[in-house]
Amino acid sequence: MKTRHLITLILLLFTFQNGNSQEENDIFLKLEEIAIVDQKVMMPMRDGIRLATDIYRPKTTEKVPIIFSRTPYNFNTWGDGEQRTRTAERAYEVVKRGYAYVVQNERGRYFSEGEWDILGVPLTDGYDAFSWMKDQSWSNGKIGTYGCSSTAEWQMAVAALDHPSHAAMVPQGFGAGVGSVDGIVEQGNWYRGGAEQLLFFSWLYGVEHDKFKPRIPEGATQEDLIRISRFYDLAPENPKVDMAEALSHLPIQDILKNINGKKEVFDKMVRRKPNHPDWFKGGLYHDTMEISIPSFWFASWYDVSITPNLTLFNHVRNKSSDPTVRDNQYLVIAPTLHCAYTRATENTVVGERSVGDARLNYDEQIYAWWDLWLKGESNDFKEKTPRVQFYTMGSNKWQSAAQWPPADTKMTTYYLNSNGDANTLNGGGTLTKKKASKDMPDSFVYDPMNPVGSLGGNVCCTGNAVKGGAYDQQKQEERNDILVYTSDVLSKGVEVSGFIESTLYVSSDAKDTDFTIKLIDVYPDGKAYNLDETIQRVRYREGYDKEVFMEDGTVYKVDLTPMSTSNYFKKGHRIRIEISSSNFPRFARNLNTGGNNYDEAEGVIAKNKVHHSKSYPSQIRLPFRK
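Residue numbers for the sequence shown follow our numbering, so the first one is 10 and each next one is one higher.
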């Protein structure tokens, strides 16, 4: 703590020398008034590796609780010769409420020593950080973990280690930390239904550190690190690439190589199939692990991981061995993109669709949570906070429930029907509550070299390749390789809130192929806004521990990974689903060969069919609220 006066002088001197705005000056001055600032503390791990850590704590002699944020991202105060205020602003908000704010880079990131691997492995780093923090003279021994996306995704697996000082957590947009839970096997968003999600291909291009990066010499002092951090933020800007074009490269194992990307982590992950044993060795959470701390979860309707997020909440809420843990799980579901909770406005637009005033008192609720578990205050959090808070699009309002889905939902089945003419939005595909009497299958040709392009959706981190959110699908639906099934006009409004289940009976002349589905709200003027989407690689229809290929002419039952939403379909609207075999580059193309897919550059055209009859009751099951 000897360095705090030096830090103060550096902050003030360089703030004014660089001519930053008064507003930027103010946040550092305000922070210095209330906080002891200790930057570039090199926290030791059990193997001797040291992790770069910034500590902001109240100017008090009393012991204080800690809010801990551990991240692969750059939180350095300086970048490109200018002071950056984001970390200071977050620290100020935390410290003024009587907490210490500790932010740390994962090993191998920026000023932290060691070699980086995804999801903050080894898990022991998180455990060791808890042990170090609890032993500090200023710590009350209570630690809460906090963050969104990668800053959240390490929390679940570490929580399962059950460190006695890990008192509570607030994970937000945490799906990439979920390996497998209650039948959902995505291995950290790498897969959906056995098909590769290409978001990590793009994300790793932007974040993966090269093993040949410059290194800080051994023996550098804290003062040295603080000084050089003004000049070297160790965050090189990658050359700009057209990610939409980059993701089109085949084979997919060479996507990063093709754009001269850093690929050590990528290379080992891209070859793992869904049940590869290495998925169970790293930082992912699996449902064989026990989460034993109170948790306040945050998810988004248009996030890539909404279904595994909700499934994990239910898993801990319903299956924890400790009734106290089960009773202290809370959930918020916002109508936003990934980690965009606080960007909701009086008129929140997600993609092209306005969903109304989606603001929520996030800070008030989160700090009440921290006060309860880290300070031990007897506040009214539990009395005031519903178990589940969720936003319903269409009716555009926040609602609450004691569980997810709400107890008053009832699954309602719609069956696919047509005269074999469901191709395009101008075809004869319908959704009805009666099964088709005769099988008149809908056929389409899936050419992996001409896939259906992704338009909106539940995405993250794909650069310019895919825009997230709700977009009008009508133009897409003119394609002949999209089957469109639409309900009658609704005579009264209906709310759909929960998991959406779908079953297709399919056949193909290919050994393997994919089937995709979208749920859509069709407006009276024809606008067709997507709500959620999923995919299933047919070879994994019997589970992810084996591959079972198709035979030409045989009809197979395929249960797709559930979708999730809360949407009010207004009177005069219609319910629609789209079915195809591609949604690219949201998902990798199945080349239809039955091969590995990741190492193939050429595919074959598949003639695919969706069957619907009493014997083949292809359907979608919607959670209607009473």
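Note that the Cβ used here is the ideal one computed from N, Cα and C, for glycine as well.
Check: Assumed close pair A44, A100 - CB separation to whole angstroms, cut-off 8 angstroms; Outcome: 7 angstroms
Check: Option nearest Q412 by Cα separation, candidates Q398, K419 and G403; Outcome: Q398
Check: Where K266 sits in the DSSP three-state scheme; Outcome: helix
Check: Residues near G562 in its chain [Cβ-Cβ closer than 7 angstroms; skip 5 each side]; Outcome: S516
Check: Q164 in three-state terms, based on DSSP; Outcome: helix
Check: Other residues of its chain near W407: CB distance less than 7 angstroms, five sequence neighbours each side excluded; Outcome: L369, Q398 and Y400
Check: Cα-Cα separation between T525 and C348, rounded to whole angstroms; Outcome: 25 angstroms
Check: Top-ranked residue by Cα proximity to T433, from L208, F453 and R634; Outcome: F453
Check: Continuous beta strand (DSSP E) stretch holding P53: start and end; Outcome: A44 to P53
Check: The region 626-635 in contact with the region 504-519 per 3-pair CB rule at 8 angstroms; Outcome: yes
Check: Whole-angstrom distance between Y376 and S404, CA atom to CA atom; Outcome: 29 angstroms
Check: Inter-stretch contact at 8 angstroms, needing at least 3 Cβ pairs: the region 158-165 / the region 77-96; Outcome: yes
Check: Same chain, Cβ closer than 8 angstroms to N247, five either side skipped, listed in chain order; Outcome: Y214, G215 and G270
Check: Status (buried if at least 16 other CB within 10 Å, exposed otherwise) for T316; Outcome: buried
Check: Residues near L20 in its chain [Cβ-Cβ closer than 6 angstroms; skip 5 each side]; Outcome: Low per-residue confidence applies at L20: pLDDT is 45, beneath 50, and the placement is therefore not dependable, though the value from the model is reported in the following sentence. Excluding sequence neighbours, L20 sits near F37.
Check: Proximity winner among L132, D126 and T70, relative to R55 (alpha-carbon distances); Outcome: L132
Check: Cβ neighbour criterion (16 or more within 10 Å) applied to K527; Outcome: buried
Check: Whole-angstrom C-beta distance between G153 and V179, which should lie under 8 angstroms; Outcome: 7 angstroms
Check: Three-way DSSP call (helix, strand, coil) for E681 in this model; Outcome: With the chain covering only 10 through 635, there is no way to say anything about residue 681.
Check: Min CB distance E373 to chain C below 8 angstroms; Outcome: Absence of chain C from the displayed structure is noted, only one protein chain being present.
Check: As assigned by DSSP and simplified to three states, the class of E102; Outcome: helix
Check: Minimum C-alpha distance to R585 - residue among P594, L540 and E611; Outcome: L540
Check: Inter-residue spacing [alpha-carbon to alpha-carbon] between W147 and V73; Outcome: 6 angstroms
Check: Straight-line gap, K501 to G581 (C-alpha atoms, nearest Å); Outcome: 7 angstroms
Check: Which of helix, strand or coil DSSP assigns to S409; Outcome: strand
Check: N- and C-terminal bounds of the alpha helix (DSSP H) containing Q231; Outcome: Q231 to I237
Check: DSSP beta-bridge partners of H620; Outcome: Y514
Check: Member of G552, V505 and K579 whose CA lies at the smallest distance from the CA of T570; Outcome: G552
Check: Beta-carbon proximity check, R280 vs Y607, cutoff 8 angstroms; Outcome: yes
Check: With 16 other Cβ atoms within 10 Å as the buried cut-off, status of G192; Outcome: exposed
Check: Pairwise C-alpha distance: K222 and T86; Outcome: 21 angstroms
Check: Nearest residue (CA-CA) to D417, options G437, S409 and L207; Outcome: S409
Check: Inter-residue Cα distance where the pair is T24 and E91; Outcome: Below a pLDDT of 50, predicted positions are generally treated as unreliable, and T24, at 41, falls in that range; the measurement from the model is reported next regardless. Approximately 8 angstroms between the Cα atoms of the pair.
Check: Where the alpha helix (DSSP H) through H324 begins and ends; Outcome: I315 to K328
Check: Per-residue DSSP class, three states only, for K635; Outcome: coil
Check: Which listed residue (G429, G472, S496 and M402) has its alpha carbon closest to that of Y423; Outcome: S496
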